[in-house]
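Visitor: Throughout the sequence shown, residue numbering follows mature numbering (1 follows the signal peptide of the UniProt record, and there is no 0), covering -22 to -1, 1 to 321 in sequence.
All C-beta atoms, glycine included, are put in the ideal place defined by N, C-alpha and C.
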Amino acid sequence: MTIWLLKPLLFSAAALLPPCHSYTLLFPTTLRYSHRRSIGVSRAKMDSSDGSTAPASKIIDSHLHVWASPEEAADKYPYFPGQEPTLPGHVDFLLQCMEEAGVDGALIVQPINHKFDHSLVTSVVKKYPTKFVGCCLANPAEDGVGINQLELLVVEDGYRAVRFNPYLWPSGQKMTNDVGKALFRRAGELGVPVGFMCFKGLNLHIAEIEELCTEFPSTPVLMDHLGFCKPPTNDEERAALSNLLQLSRFPQVYVKVSALFRVSRTQSPYEDLSTLVSQVVSSFGAKRVMWGSDFPYVVPECGYKGAKDAVSCLASQVPLSDTEKEWVMGRTVMQLFQGQWIP
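(1) Buried or exposed for GLN88, please, with buried defined as at least 16 other CB atoms from any protein chain shown within 10 angstroms of its CB.
(2) From what residue to what residue does the beta strand (DSSP E) around PHE110 run?
(3) For PHE194 and GLU49, what's the separation of their Cα atoms in angstroms?
(4) Within 10 Å of its beta-carbon, does ASP156 have 16 or more other beta-carbons around it, so buried, or fewer, so exposed?
(5) Please state if the CB of ASP250 and the CB of SER261 are separated by a distance shorter than 7 Å.
(6) With contact counted as at least three CB pairs below 8 Å, one residue from each stretch, are the segment 219 to 230 and the segment 182 to 191 in contact?
(7) On the three-state DSSP scale, how would you describe ASP55?
(8) VAL44 by DSSP, collapsed to three states: which one?
(9) Which residues mark the beginning and the end of the alpha helix (DSSP H) in which VAL277 is found?
(10) Can you list, in chain order, the residues of its chain with a C-beta nearer than 7 Å to that of GLY60? Leave out the 5 residues immediately preceding and following it.
(11) Could you check how far apart the C-beta atoms of PHE315 and VAL69 are, in whole angstroms? I think they sit under 8 Å.
(12) Does the beta-carbon of GLN224 have 16 or more other beta-carbons within 10 angstroms, so that it is buried, or is it exposed?
(13) Inspect the beta-carbon positions of VAL103 and VAL140 and report whether they are closer than 7 Å.
(14) According to DSSP, which residues form a beta bridge with ASP70?
(15) Decide if the segment 34 to 42 is in contact with the segment 296 to 311; the criterion is three or more beta carbon pairs, one per stretch, under 8 Å apart.
(16) Name, in chain order, the residues that DSSP records as bridge partners for ALA84.
(17) If distances are taken between C-alpha atoms only, which option among VAL267, LYS303, CYS176, TYR248 comes closest to VAL276?
(18) Would you kindly report the start and end of the unbroken alpha helix (DSSP H) that includes ALA165?
(19) Starting from VAL233, follow the beta strand (DSSP E) in both directions and report where the run begins and ends.
(20) Beta carbon of SER236, beta carbon of GLN295: below 7 Å?
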């Protein structure tokens, strides 16, 4: 616990958050980082201005992907057949983007481009252990092999979260089948949060998520990309947003304000999301909300730095206090994954 006895940084999150529409070009940078990591979700105390327990402030991206370059894919890390990427997503490009944007660390979510072969992401996390944390992809195969895979990825390779993609479940099966419940329960026992990707709409999966949260309240949950809820214009969209906000009754549920380009109806900085983000923060509290970019998909939309700036702009519109901004931009994810992103 003594690793957290550090003096808080002597500047506010407001100094870290650039103004709206402040976007710049990307410049390559050579980076070096020390190596350190820990496994499992735990809690550590540290004094803060609002009396809560949290690590010192950093800017942490809670949701992005990396995959092999074409050269790496040909040599060592092949793409899954039919899932060859159309965008560059190699780690050197990511590091350049993060340096230019002033982002200190990130949670890397296993990409579909490598499906259940985690070797590329594992190599990145091990090479930059104070920079990145890994989120593996759950394998919901009916033979239950995914449970052993999850254990190995967490215990041996140090992954600290797992993603449930409902569209990988066998046809006609739900995430609440026997395998899904076993995976969700085991994640909780291992101390790793489960992220949900409801790409085709939250309404399709809300009943499954609520059932899992009710049955296994000790398993933390991450709702990716605002649950894919758009600013509502019809009854179906209003129901989706209501379902997302009602998940706040489960203390284990966190929301990622990520991939804004996927849910906004406007261009960056996605100002139509201000009311939606305000409702999410009001319902969950800033300590259960975290920013994420969805790199590299966000790059052609508004640039990586633009993704960070857009959230800063929305935070000003909501508005959020300096302390709330700190939680959204890094403290929430740092508290959830204690022991990471420290020098």
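Guide: Reading off the structure:
(1) Counting from one through the sequence shown, the residue named residue 88 turns up at place 110. By the neighbour-count rule (16 or more Cβ atoms within 10 Å), GLN88 is buried.
(2) For this step, residue 110 is matched to residue 132 along the sequence shown. Residues 110 to 115.
(3) Locating residue 194 in the sequence shown gives position 216, counting from the first residue. Locating residue 49 in the sequence shown gives position 71, counting from the first residue. If you take the alpha carbons of PHE194 and GLU49, they lie about 43 Å apart.
(4) The residue given as residue 156 occupies position 178 in the sequence shown. Classification for ASP156: exposed.
(5) Taking the sequence shown and counting its residues from 1, the one referred to as residue 261 is at position 283. Taking the sequence shown and counting its residues from 1, the one referred to as residue 250 is at position 272. No, they are not a contact pair.
(6) yes
(7) Numbered from 1 along the sequence shown, position 77 holds the residue referred to as residue 55. Before going on, a small fix: residue 55 reads as Tyr here, not Asp. Here TYR55 sits in coil by DSSP.
(8) The residue you call residue 44 lines up with position 66 of the sequence shown. Looking at VAL44 - three-state DSSP - the assignment turns out to be coil, as it is neither helix nor strand.
(9) In the sequence shown, counting from the first residue as 1, residue 277 sits at position 299. Segment 277 to 280, the alpha helix (DSSP H) holding VAL277.
(10) Within the sequence shown, residue 60 is the residue found at index 82, counting from 1. Taken in chain order, the list of residues that qualify is empty.
(11) For this step, residue 315 is matched to residue 337 along the sequence shown. For this step, residue 69 is matched to residue 91 along the sequence shown. Their Cβ separation, rounded to whole angstroms, is 19 Å, which puts PHE315 and VAL69 out of contact at 8 Å.
(12) Here residue 224 refers to the residue found at position 246 when the sequence shown is read from its first residue. So GLN224 counts as exposed.
(13) Residue numbering aside, residue 103 sits at position 125 when the sequence shown is read from its first letter. Residue numbering aside, residue 140 sits at position 162 when the sequence shown is read from its first letter. Result no, Cβ atoms of VAL103 and VAL140 do not sit closer than 7 Å.
(14) Sequence index remark: in the sequence shown, residue 70 carries index 92 (1-based). According to DSSP, which records beta bridges pairwise, ASP70 is partnered with nothing at all.
(15) yes
(16) Mapped onto the sequence shown, residue 84 falls at position 106. The partner list for ALA84 (beta bridge, DSSP) reads ASP39, PHE110.
(17) Residue numbering aside, residue 276 sits at position 298 when the sequence shown is read from its first letter. Comparing Cα positions, the closest option is TYR248.
(18) In the sequence shown, counting from the first residue as 1, residue 165 sits at position 187. Here the alpha helix (DSSP H) through ALA165 covers 156 to 168.
(19) As a working note, residue 233 is residue 255 in the sequence shown. Its beta strand (DSSP E) spans residues 231 to 236.
(20) The sequence position of residue 236 within the sequence shown is 258, counting from 1. The sequence position of residue 295 within the sequence shown is 317, counting from 1. For SER236 and GLN295, no; Cβs fall outside 7 Å.
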